[in-house]
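Visitor: The sequence shown lines up with residues 1 to 348 when you count with the working numbering.
For glycine and all other residues, C-beta sits at the position ideal for the given N, C-alpha and C.
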Amino acid sequence: MKKWLLATILGVLTLALVACGGGSSSSSSEPKSSEDYTADKPFVIKFSHVTAIDSVKGKSADYFAQLVDEKTEGRVKVEVYPSSQLYGDADELDALVSGNVHMIAPSVTKMVKIDPRWQYVDMPYLFKDDEHVKRFFDSEVAQDLFNSEQLAQNDIMGMAFWPNGFKHFSNNKHPLVKPEDFKGLKFRTQAGQVLEAQFEALGAGSATISFGETYAALQQGTVDGAENPFNNFDTMKFYEVQPYLSTTQHGRLDYAIFVNKSYWESMPEDLRVLVEEALAEATEYAQSLAAEENAKSFEKIKELGTVEVYEMSDEEREALREALQPVYDKFTDVITQELIDGITALAE
Ligand code: LMR
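#1: In chain order, what residues of the same chain have a beta carbon less than 6 angstroms from the beta carbon of Y81, not counting five sequence neighbours either side?
#2: Quick one: is the Cβ of S170 within less than 7 angstroms of any heavy atom of the ligand LMR?
#3: Along the chain, where does the beta strand (DSSP E) that runs through F47 open and close?
#4: Is DSSP giving F166 helix, strand or coil here?
#5: Which residues in the same chain as V68 place their Cβ atom closer than 6 angstroms to its Cβ, once the five residues preceding and following it in sequence are excluded?
#6: Let me know if G58 comes out buried or exposed under the rule of 16 or more other beta-carbons within 10 Å of its beta-carbon.
#7: Determine the DSSP secondary structure at G23, reduced to helix, strand or coil.
#8: So the alpha helix (DSSP H) D297 belongs to, where does it begin and stop?
#9: Is D408 near the ligand LMR, judged by its Cβ being under 7 angstroms from some heavy atom?
#10: Please determine whether the Cβ atom of Q190 lies at a distance below 7 angstroms from any heavy atom of the ligand LMR.
#11: Quick one: grab the DSSP three-state call for A95.
#12: Determine which residues share a DSSP beta bridge with V78 and list them.
#13: Can you tell me which residues form a DSSP beta bridge with F64?
#14: Report the partner residues of K186 according to the DSSP bridge assignment.
#15: Sorry if obvious, but does the Cβ on N294 come closer than 7 angstroms to a heavy atom of the ligand LMR?
#16: Whole-angstrom Cβ separation of G165 and F230, contact assumed at under 8 angstroms?
#17: Kindly indicate which three-state DSSP category V194 falls into: helix, strand or coil?
#18: Using only the alpha-carbon positions, how far apart do G88 and A61 sit?
#19: Leaving out five residues on either side along the sequence, give the residues of the same chain with a beta carbon under 6 angstroms from the beta carbon of I45.
#20: Based on Cα-Cα distance, which residue from L339, A226, T336 lies nearest to L360?
#21: Just list the residues that DSSP pairs V309 with in beta bridges.
#22: Confirm the yes/no value for this check: CB of K57, any heavy atom of the ligand LMR, distance under 7 angstroms.
#23: Beta-carbon within less than 6 angstroms of K183's beta-carbon, same chain only, minus the 5 sequence neighbours each way: which residues are those?
#24: Considering Cα atoms alone, identify which of V121, V112, D54, A105 is closest to K167.
#25: Should the region 137-145 be called in touch with the region 190-205, which here means at least 3 C-beta pairs below 8 angstroms?
#26: Report whether the distance from the Cβ of F211 to the nearest heavy atom of the ligand LMR is below 7 angstroms.
#27: Going by the DSSP bridge assignment, what does S107 pair with across the sheet?
#28: Less than 8 angstroms between the CB atoms is what I'm expecting for I156 and L96, so what's the real figure, rounded?
#29: Could you tell me the distance, in whole angstroms, from the CA atom of D94 to the CA atom of S262?
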């Protein structure tokens, strides 16, 4: 009987030890020494995202992984899972909170689940140009979003902002020039009520559909239209199912890099410093890449011959901006006047 008890206790202890120390990634919240990680047994960071490998985000994520590998001599390995391979929009954030992935780079509007102020990015015509966005990323105003209670409570830490670009409306019915042209159409939205209100203000309907399912939804007519930066429109081949694109430039699609805080802190500090250096360099790379890739994609879309591209004038954009004013009336309190004013003040 005693032998049986001893064997059972030993068995349980062995299982517990295997559970804590097994595998090549650290699951313990106790920081180990960096000597414990080698190229054969690296600290693994699972990085999940939803866009294509050749998109702005895809290339930047791969470059980050390569830099981490070089700087840490393989002792930290960033495993990048693109194209919603591991998690789609709906569950990527939950997977980060629960520690099933360790790093994500969502389009910031998807953070609405945790803090509705992240929908600042959807406020129509809030940003003037790419330089305005860059000044915002480098500002205390943006840093405040990272310092929120909501992120801390969810064990998430914000690390960096990466740009993509301005969004433009597309659809499969007719050219979109005037606000009236949107009436009765149905558009795909990423998340949140600001985007719903945007389409409502234009007399259009909307449905939230994950990025990975958007092509099929457009092809099958579940929705008629979408809004994307040129590079996402290109790399997701939306040009095959969206024959009309107008350069409305009405909102932004940008990213923030988040890590699971406990997992991050379980990495030895000297390795963390190297990963942070890699992230800073990858962020610079993303910043130089975004405008370039969007410009290339725009040229490609125009040359394809399958998409009728309507290049909007400033006056036409102004009419759209006025039609979208109700979004501000409805959502300024949610985004907060402070954040909107903070962003507006960085326009010049
Ligand atoms: C979207 O859903 O449209 C975005 O999340 C795509 C992206 O660039 O991440």
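Guide: The structure says:
#1: Beyond the five residues adjoining it in sequence on each side, Y81 comes within less than 6 angstroms, by CB distance, of S48 in the same chain, given in chain order.
#2: S170: no, Cβ never under 7 angstroms from the ligand LMR.
#3: Taken as a continuous stretch (DSSP letters only), the beta strand (DSSP E) holding F47 covers 43-48.
#4: F166 falls in the strand class under three-state DSSP.
#5: If the five residues before and after V68 are omitted, its C-beta is found closer than 6 angstroms to the C-beta atoms of V76, V78, V275, A278, all from its own chain and listed in chain order.
#6: G58 counts as buried, since at least 16 other C-beta atoms from the protein chains shown sit within 10 angstroms of its C-beta.
#7: With a pLDDT of 35 at G23, under the threshold of 50, the modelled position of this residue cannot be trusted, and the question is left open.
#8: Residue identity differs from the one stated: residue 297 is Ser in this sequence, not Asp. Here the alpha helix (DSSP H) through S297 covers 269-304.
#9: Not covered by the structure: residue 408. The range shown for the chain is 1 to 348.
#10: Checking every heavy atom of the ligand LMR against the Cβ of Q190, one is found closer than 7 angstroms.
#11: Helix.
#12: Looking at the DSSP assignment, V78 forms a beta bridge with I45.
#13: Its beta-bridge partners do not exist; DSSP assigns none.
#14: According to DSSP, K186 bridges with G205.
#15: Checking the Cβ of N294 against the ligand LMR gives no.
#16: Yes, they are in contact, since the Cβ atoms of G165 and F230 sit about 7 angstroms apart, within 8 angstroms.
#17: In this structure, V194 counts as helix in the three-state DSSP scheme.
#18: Approximately 16 angstroms between the Cα atoms of the pair.
#19: The answer, listed in chain order, is V78, H102, M103.
#20: Residue 360 falls outside the range modelled here, since the chain spans only 1 to 348, and no answer is possible.
#21: Answer is L245, bridged to V309.
#22: Under cutoff, so the answer is yes.
#23: Non-local C-beta neighbours of K183 in its own chain, meaning closer than 6 angstroms and more than five positions away in sequence, comprise G203, ordered along the chain.
#24: Measuring from the Cα of K167, the nearest candidate turns out to be V121.
#25: Flag = no, the region 137-145 and the region 190-205 do not touch.
#26: Relative to the ligand LMR, the nearest heavy atom lies less than 7 angstroms away from the CB of F211.
#27: DSSP lists Y255 as partners of S107.
#28: Confirmed, Cβ separation roughly 6 angstroms.
#29: Roughly 15 angstroms separates the two Cα atoms.
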